[in-house]
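**Student:**
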Amino acid sequence: MQIYLINRFLDFNLLLLFAISSVTLTLFPGPDIFFVFSTSLARGWKKGVLASLGLTSGLWVHTFLVILGVGKLLKQYPESQRILEFLGGFYLLFLAYNLIKKKIG
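Mapping of the sequence shown onto the working numbering: residues -18 to 86, in sequence order.
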């Protein structure tokens, strides 16, 4: 997909509203807010802000994947969804391995 599709459907005001909404929703109670609070308490408010911005960037990635039509691609090619699920599972195992290795070492 070319970038002009994004410009055609999203104007600057809508993009700004989405950015503000993303940051606001990140701060509502739930797993995200507990992560931001625990990071802020353990490492300071600046790291908490960075954690919040990291969570918000995840929302942006998901939104752009939707804009690019990844959902339609996954419906059209069901085997690609299975591959994506396995990649996600391996990534979670990789994160768990690194966490265990860090705690042991």
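Note that beta-carbon positions come from the ideal geometry of N, C-alpha and C, so glycine has one too.
In three-state terms, what does DSSP make of Tyr58?
**Tutor:** If DSSP states are grouped into helix, strand and coil, Tyr58 belongs with coil.
**Student:** Could you give the residue range of the alpha helix (DSSP H) that holds Pro12?
**Tutor:** Element bounds for Pro12: Pro12 to Arg24.
**Student:** For Val17, count neighbouring Cβ atoms within 10 angstroms of its own Cβ and tell me buried if that reaches 16, exposed if not.
**Tutor:** Its Cβ being crowded by 16 or more others within 10 Å, Val17 is buried.
**Student:** Under DSSP, the alpha helix (DSSP H) around Leu6 begins and ends at which residues?
**Tutor:** That run of the alpha helix (DSSP H) goes Phe(-7) to Thr7.
**Student:** Nearest by alpha-carbon distance to Leu36: which of Arg24, Lys53 and Phe15 is it?
**Tutor:** Per the Cα distances, Phe15.
**Student:** Check whether the stretch 65 to 79 touches the stretch 23 to 40, taking contact to mean three or more Cβ pairs, one atom from each stretch, closer than 8 Å.
**Tutor:** Result no; under three Cβ-Cβ pairs closer than 8 Å.
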